[in-house]
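Single-structure report; data block below.
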Amino acid sequence: MLTLNHILILSSLLFCISLFGIFVNRKNILLLLMSIELMLLSINTNFIAFSYFEHDIVGQVFVFFILAVAAAESAIGLAILISLYRLRNSIDINIISRLRG
Amino acid sequence: MEYQLILFYFLSAIILTSSIAMILIRNTVNSALLLVFIFFNTAIIWLLLNAEFLAILLVLVYVGAVLVLFLFVVMMLSEHEKQIPKKNSYIFLSSIVGLTMFVELLLIILSGNFNIATPVINNINVSNTSLLGIEIYTNHLISFEITAFILLVAIIAAIAITYSKKKKVLRQNTETQINATKADRLKIMKD
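Chains X and V, in that order, are what the protein sequence lines are.
When the letters of the first sequence are read in order and numbered with my numbering, they come out as residues 8 to 108.
When the letters of the second sequence are read in order and numbered with my numbering, they come out as residues 22 to 212.
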């Protein structure tokens with residue numbers, strides 16, 4: 008029988024793997040953005056599991072909003088990445104520290 | 022073991038192995054393609070949880086739009102940027118952090134009473150999409166409008182950030198054409 012525990016453990020594993028990915032790939036902004044997408048996916052899976060097992064549709068409404076906002080966020084992040092690449096000719100994360108003063 | 026549980030274990034094994042491969046692989050194009058694979062398999066898990074509309078939304082919006090955007094960006098970057106430098110990685114330290122966090126989450130999950138089995142669905146006649154639509158348009162209308170506005174702002178911001186005027190393109194200059202007088206063009210010479 009599929010229980011809520013199964014889904015919760017899967018999504019927490021996915022969340023921790025993507026956190027691990029953020030720490031490992033902190034030099035590459037593209038992989039960092041992908042890991043953030045993966046984190047949002049695991050959170051959404053949690054929301055849907057609770058909405059299914061607790062008989063409440065509001066969890067799915069939340070997932071709907073999170074999907075829209077995540078799409079906007081990744082679009083703006085990639086636009087910033089493109090303009091950074093045009094300006095500096097590199098996407099190395101060490102270059103961005105120029106604003107530190 | 023029933024069919025649903027076997028399918029769940031199969032899908033989660035695929036998701037977890039391909040997410041680890043996505044993080045550790047060196048080619049960014051391959052990681053983007055693995056991310057497509059992960060999103061598709063998660064959509065199947067959402068289908069198991071009776072969220073049909075959101076599952077197809079995930080495939081359409083993410084696999085269709087966002088991941089293609091990622092692939093476009095990878096394509097626009099030059100060749101040497103796609104490779105992650107192998108040195109200076111913090112695999113040991115970050116695996117300690119990730120494992121600690123997972124053990125803590127596991128303790129919380131197992132201590133709570135989350136062992137709920139699959140519930141009996143009462144109203145099988147109402148589809149998931151119409152239920153979601155009724156809920157959004159009656160109780161969450163303002164949030165829905167704000168989401169639409171956020172998407173509009175994101176479109177405008179993405180265009181404004183990446184827009185760049187090209188310098189070497191020859192264009193018609195309408196203003197000088199209109200404001201040109203006869204004296205600019207003709208020069209009458211007398212003896």
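Glycine is no exception: its CB is placed at the ideal position from the N, C-alpha and C atoms.
None of the values given here were measured: they were computed from a predicted structure.
- Looking at V:L28, V:F123, V:L78, the one whose alpha-carbon comes closest to that of V:L153 is V:L78.
- When the beta-carbon positions are compared, V:S40 and X:I55 stay at least 7 Å from each other.
- In the three-state scheme derived from DSSP, where H, G and I count as helix and E and B as strand, V:N51 is classed as helix.
- Membership of X:S90 in the alpha helix (DSSP H) is indicated by the continuous run 65–95.
- Checking the DSSP bridge columns, you'll see X:N35 partnered with X:D99.
- Contact between V:V80 and X:S81 fails: their C-beta atoms lie close to 16 Å from each other, not under 8 Å.
- Between the alpha carbons of X:D63 and X:S97 lies a distance of about 47 Å.
- Judged by their CB atoms, V:A179 and X:A86 are nearer to each other than the 7 Å cut-off.
- Taking 7 Å as the cut-off, the beta carbon of X:S49 is found no closer than this to the beta carbon of X:I29.
- Within the model, the alpha-carbon separation for V:Y158 versus X:S104 is close to 45 Å.
- By the criterion of a C-beta distance shorter than 6 Å, X:I14 is surrounded in its chain by A56, once the five residues flanking it on both sides are discounted.
- About 21 Å separates the beta carbon of X:I73 from that of V:I130, a gap too long to meet the 8 Å contact definition.
- DSSP places V:A42 in the helix class (H, G or I) of the three-state scheme.
- Here V:V190 is exposed: its Cβ has fewer than 16 other Cβ atoms, across all protein chains shown, within 10 Å.
- In this structure, V:I35 sits near V:N62, with a CB-CB distance shorter than 7 Å.
- Under the three-state reduction of DSSP output, V:S148 falls in the coil class, being neither helix nor strand.
- In this structure, X:N12 sits near V:F135, with a CB-CB distance shorter than 7 Å.
- The beta carbons of V:I65 and X:F60 sit no closer together than 7 Å.
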